[in-house]
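Just below is one structure, and these are the notes that go with it.
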Amino acid sequence: MDAARIDSWLWAVRVYKTRSAATTACRAGHVRVNGDKTKAAQHVRIGDEVRIRISGFDRILIVRQLLVKRVGAPLAALAYEDRTPEREPQAMLGVRDRGAGRPTKRERREIDRLRGRDDD
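With the working numbering, the residue at position 57 of the sequence shown is 296, and numbering never jumps.
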């Protein structure tokens, strides 16, 4: 076997929980192979660079082994080389409880201070 479908490979290496989720991501344009947007049926080969957009961040994988059937997590991790750059830590934002109503002036100032929008 010298090639595998991209949706099948993404599912087999456990990037997506289901193959249909991998297919949907390909259709939506969230998957690129060697810089080009891809369809679910496109074949991937060893050495190809796969970029996957998940939760607003790009994940960069280099294909090291072709898989078409789902395997255990330790074996799946050997099928690719992860070249994803480290993410910068994000500050936690204050979250108001649903139904808490409109914030008071004092609460709004505290929220602005937390988000770094100090007007002082």
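C-beta atoms are modelled at their ideal positions from N, C-alpha and C, and glycine is treated no differently.
Predicted model only: the values in this text are computed from it and were never measured.
- Looking from the CA of Lys256, the closest CA among Arg326, Pro328, Gly311 and Ile299 belongs to Gly311.
- In the three-state DSSP reduction, Ala267 falls in the helix class (H, G or I).
- For Ile291, the enclosing beta strand (DSSP E) covers residues Glu288 to Ile293.
- Restricting attention to Asp357, Ser294, Asp321 and Ile291, the CA atom closest to the CA of Arg303 is found in Asp321.
- Counting only the Cα atoms, Pro328 lies some 16 Å from Gly355.
- The residue among Asp246, Arg326 and Ile350 with its C-alpha nearest the C-alpha of Ala267 is Asp246.
- If you compare the alpha carbons of Ser259, Arg258, Val252 and Arg298 with that of Gly274, the shortest gap goes to Arg298.
- Listed in chain order, the non-local C-beta contacts of Asp357 below 8 Å within the same chain comprise Asp351, local neighbours out to five positions each way being set aside.
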